[in-house]
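Going line by line, the protein sequences match chains A and B.
Taken in order, the first sequence gives residues 20 to 155; the numbers are from the numbering used here.
Taken in order, the second sequence gives residues 57 to 550; the numbers are from the numbering used here.
Cβ atoms here follow ideal geometry from the backbone N, Cα and C, with glycine treated the same way.
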Amino acid sequence: MRITQGTFSFLPDLTDDQIRAQINYALNQGWAISLEYTDDPHPRNTYWEMWGLPMFDVRDAAGVMYELYACRKMHPNEYIRVNAFDATRGFETVRLSFLVNRPKEEPEFRLVRSEGPGRSIRYSLQTVFPGERGLS
Amino acid sequence: MNTAVAAKQAPTRKRYDAGVLKYREMGYWQPDYQPQDTDVIALFRITPQDGVEPEEAAAAVAGESSTATWTVVWTDRLTACDKYRAKAYRVDPVPNTGPGTRTEQQYFAYIAYELDLFEEGSIANLTASIIGNVFGFKPLKALRLEDMRIPVAYVKTFQGPATGIVVERERLDKFGRPLLGATTKPKLGLSGRNYGRVVYEALRGGLDFVKDDENINSQPFMHWRDRFLFCMEAVNKASAATGEVKGHYLNVTAATMEDMYERAEFAKELGSVIIMIDLVIGYTAIQSMAKWARRNDMILHLHRAGHGTYTRQKNHGIAFRVIAKWMRLAGVDHIHAGTVVGKLEGDPNVIAGIYDTLREPVTRASLMHGVFFDQDWAGLRKVMPVASGGIHAGQMHQLLHYLGEDVVLQFGGGTIGHPHGIAQGAQANRVALEAIVQARNEGVDIWNEGPQILERAARWCSPLRAALDTWRDVTFNYTSTDTVDFVPTPTEAV
Numbered sequence: 020m021r022i023t024q025g026t027f028s029f030l031p032d033l034t035d036d037q038i039r040a041q042i043n044y045a046l047n048q049g050w051a052i053s054l055e056y057t058d059d060p061h062p063r064n065t066y067w068e069m070w071g072l073p074m075f076d077v078r079d080a081a082g083v084m085y086e087l088y089a090c091r092k093m094h095p096n097e098y099i100r101v102n103a104f105d106a107t108r109g110f111e112t113v114r115l116s117f118l119v120n121r122p123k124e125e126p127e128f129r130l131v132r133s134e135g136p137g138r139s140i141r142y143s144l145q146t147v148f149p150g151e152r153g154l155s
Numbered sequence: 057m058n059t060a061v062a063a064k065q066a067p068t069r070k071r072y073d074a075g076v077l078k079y080r081e082m083g084y085w086q087p088d089y090q091p092q093d094t095d096v097i098a099l100f101r102i103t104p105q106d107g108v109e110p111e112e113a114a115a116a117v118a119g120e121s122s123t124a125t126w127t128v129v130w131t132d133r134l135t136a137c138d139k140y141r142a143k144a145y146r147v148d149p150v151p152n153t154g155p156g157t158r159t160e161q162q163y164f165a166y167i168a169y170e171l172d173l174f175e176e177g178s179i180a181n182l183t184a185s186i187i188g189n190v191f192g193f194k195p196l197k198a199l200r201l202e203d204m205r206i207p208v209a210y211v212k213t214f215q216g217p218a219t220g221i222v223v224e225r226e227r228l229d230k231f232g233r234p235l236l237g238a239t240t241k242p243k244l245g246l247s248g249r250n251y252g253r254v255v256y257e258a259l260r261g262g263l264d265f266v267k268d269d270e271n272i273n274s275q276p277f278m279h280w281r282d283r284f285l286f287c288m289e290a291v292n293k294a295s296a297a298t299g300e301v302k303g304h305y306l307n308v309t310a311a312t313m314e315d316m317y318e319r320a321e322f323a324k325e326l327g328s329v330i331i332m333i334d335l336v337i338g339y340t341a342i343q344s345m346a347k348w349a350r351r352n353d354m355i356l357h358l359h360r361a362g363h364g365t366y367t368r369q370k371n372h373g374i375a376f377r378v379i380a381k382w383m384r385l386a387g388v389d390h391i392h393a394g395t396v397v398g399k400l401e402g403d404p405n406v407i408a409g410i411y412d413t414l415r416e417p418v419t420r421a422s423l424m425h426g427v428f429f430d431q432d433w434a435g436l437r438k439v440m441p442v443a444s445g446g447i448h449a450g451q452m453h454q455l456l457h458y459l460g461e462d463v464v465l466q467f468g469g470g471t472i473g474h475p476h477g478i479a480q481g482a483q484a485n486r487v488a489l490e491a492i493v494q495a496r497n498e499g500v501d502i503w504n505e506g507p508q509i510l511e512r513a514a515r516w517c518s519p520l521r522a523a524l525d526t527w528r529d530v531t532f533n534y535t536s537t538d539t540v541d542f543v544p545t546p547t548e549a550v
């Protein structure tokens, strides 16, 4: 399956030039860029691993791209996302977040239903990694 | 009593003689009054009856919305009545009304209310004064509440949005683009099972939210529990299929608070991230549900059902920007606030003023947008405006241009009416949105080049191709009835 998290997941995967253009936009807004990676894109997995600290003092897209290449080299088969953080009062949150790397084969999610009283159901999602398919 | 005020009033002896005085002689007209930082200020548009002077009409509004009755009462003298009287302090003729225009003479009346007139954190109490009796008052032909300035001291007594834009996005893990929604259609008559099918298809196809309509509660064709169960199956299945957080606004509107709490609890039990209420449940019920939503980590969507009965006509009623202000205080997270380009009323300047009211930490006065006062929100969270009604993928660049990023764009017909199916309709909308946001961020002039951006995306996305072909020329170009009174004055080029 193709996971559709992030701002641009319904577009074809962004080229490096397109990624650079988005980073330039974020830097021009005064936002700080950070890179995060994970092998588990469960929608409640909020805290992906940080690739270093947010680059508060990097004001040049080339610096970010350098880090992205290094991150991709270390984690070629994981998800990597670019986050742009806005420290302005009233936001103080991520303003843009998009995927810049995907594993060759993406995990899937199994929907687990626990039936309760009446017809109610408690749902949970479990990440199923490529090697685990067909085991249950 | 300060001397300037005393000069405007009848001498004390005469002031309290039994009988009838003009309102302005009773102290409700005080042109020298300097509003305090802690005053509530209301701006009314008044159309006096023939022969009623504007200052007297303004004083009457001040009187009837605060302490006055039609005749002098000696019991005023048992109170600090000068403090409790609302004070009309300014009256301006409304531009383009009166002799020589098509509209009879109207005035903007500014009225200040002492903070102690109001109970803390109560929209019901605030509105019982400001719009309580006065709208039926005979000396006025018509009356409209145009705007209010709520002092920070009063703002701080309200909870404000249960969740707010920032936390909503953090919970949903969706940043950098408007959210996408749709209202299930047909709005009435589907069984729970069929209804859930529409929800699943739209969410799996690419929308973030699907929504109950305002009049979907618990009817013979679909009782509420059935709807909730089938919708949450759809939501969770779509979440598994996409890896995204998805939601369906489960409308918990019902006849009693007990029923609403029961429905909200069931929505929570099933794991919904969002519930919905209608404006017609009333201000107190809205505040109760906002508190429930804060306690239960729930996003609270408000459908503004009924507002058109009093917001649309320019001479009488309440401007929607005031309702928006009250609802931010009351604590809703989403509110329908106009589309500009869709099928429902929405002048671009009026809509800009409403969106600023909902989303800015401090809303700045802008006569061009119908906003008369600076409004400091004192840390109250921001409300996500919802644009819904007659919009489609081909307008995506216009929607982003007018409404910005922090908005839910709801394409009901524009998703479900897609010729290839609901999921394809949803996909078309999501692709159109992401393509336009991407281009805007790259510095492209989306207002002028929007159609070409969408055409380029349609080359690789056939559902978008079909959407553009189906709705290409659909627009709703009617003149708005609710417009602003001030336009920028062109200045000479130097």
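For PHE100/B, name the three-state secondary structure that DSSP assigns.
Here PHE100/B sits in strand by DSSP.
Check the Cβ of ASP432/B against every Cβ in chain A and list those closer than 7 Å, keeping chain order.
Near ASP432/B there are no residues of chain A at all, since even the closest Cβ is about 12 Å away, more than 7 Å.
Name the chain A residues that come within less than 7 Å of GLN162/B, Cβ to Cβ?
Those within 7 Å of GLN162/B in chain A number zero; the least Cβ separation is about 36 Å.
Can you give me, in chain order, the residues of the segment 65-83 of chain A that have a beta carbon less than 8 Å from any beta carbon in chain B?
THR65
Would you say SER116/A and GLY49/A are within 7 Å of each other, going by their C-beta atoms?
no
Between LEU30/A and GLU490/B, is the Cβ-Cβ spacing less than 7 Å?
yes
Where does HIS61/A sit, in a helix, a strand or coil, going by DSSP?
coil
To the nearest angstrom, how far is it from the Cα of GLN451/B to the Cα of ALA443/B?
Spanning the two alpha carbons is a distance of roughly 12 Å.
LEU263/B: which of TYR251/B, GLY303/B and ARG249/B sits nearest, CA to CA?
GLY303/B
With distance defined between alpha-carbon atoms, name the residue in ALA81/A, GLU151/A, ARG141/A and ILE99/A nearest to ASN43/A.
ALA81/A
For PHE286/B, count neighbouring C-beta atoms within 10 Å of its own C-beta (all shown protein chains included) and say buried if the count is 16 or more, exposed if not.
Classification for PHE286/B: buried.
On the three-state DSSP scale, how would you describe LYS143/B?
strand
Answer with yes or no whether the minimum CB distance from ASN58/B to chain A is below 7 Å.
Bear in mind that the predicted position of ASN58/B carries a pLDDT of just 42, short of 50, making it unreliable; the figure below should be weighed with that in mind. For ASN58/B, the answer is no, since every Cβ of chain A falls outside 7 Å of its Cβ.
For LEU72/A, is the classification buried or exposed, using 16 other Cβ atoms within 10 angstroms of its Cβ as the cut-off for buried?
exposed
Helix, strand or coil: which one does DSSP assign to MET204/B?
strand
Hey, LEU335/B and ALA310/B: beta-carbon distance below 7 Å or not?
no
Excluding the five sequence neighbours on either side, which residues of its own chain have a C-beta within less than 7 Å of the C-beta of TYR256/B, listed in chain order?
For TYR256/B, where only same-chain residues beyond five positions count, the Cβ hits under 7 Å are ALA290, LYS293 and ALA294.
Give me the chain A residues within the contact set of ARG233/B, using Cβ-Cβ distance strictly less than 9 Å, ordered along the chain.
THR26, PHE27 and LEU115
Going by C-alpha distance, which of VAL147/A, LEU118/A and LYS123/A is nearest PRO34/A?
Note that residue 34/A is Thr in the sequence shown, not Pro. That would be LEU118/A, whose Cα lies nearest to the Cα of THR34/A.
Select from the segment 276-299 of chain B all residues with a C-beta closer than 8 Å to any C-beta belonging to chain A, and list them in chain order.
ARG281, LEU285, MET288, GLU289, ASN292, LYS293, SER295, ALA296, ALA297, THR298 and GLY299
Quick one: which residues of the segment 492-517 of chain B get their C-beta closer than 9 Å to a C-beta of chain D? List them in chain order.
Note that chain D does not occur in the displayed structure, where the protein chains are A and B.
Taking only runs that begin and end inside the segment 145-172 of chain B, name each unbroken beta strand (DSSP E) of 3 or more residues, in chain order.
163-169
Nearest chain A C-beta to ARG486/B closer than 7 Å, yes or no?
yes
Rounded to whole angstroms, what is the Cα-Cα separation between GLU86/A and VAL77/A?
11 Å
In whole angstroms, what separates the C-alpha of ILE206/B from that of PRO417/B?
14 Å
In chain B, which residues lie with their C-beta within 8 Å of the C-beta of SER139/A?
LEU285, PHE322, GLU325 and LEU326
What residue from ALA198/B, VAL301/B and ASP315/B has the CA that sits closest to ALA341/B's CA?
Ranking the options by Cα distance to ALA341/B, first place goes to ASP315/B.
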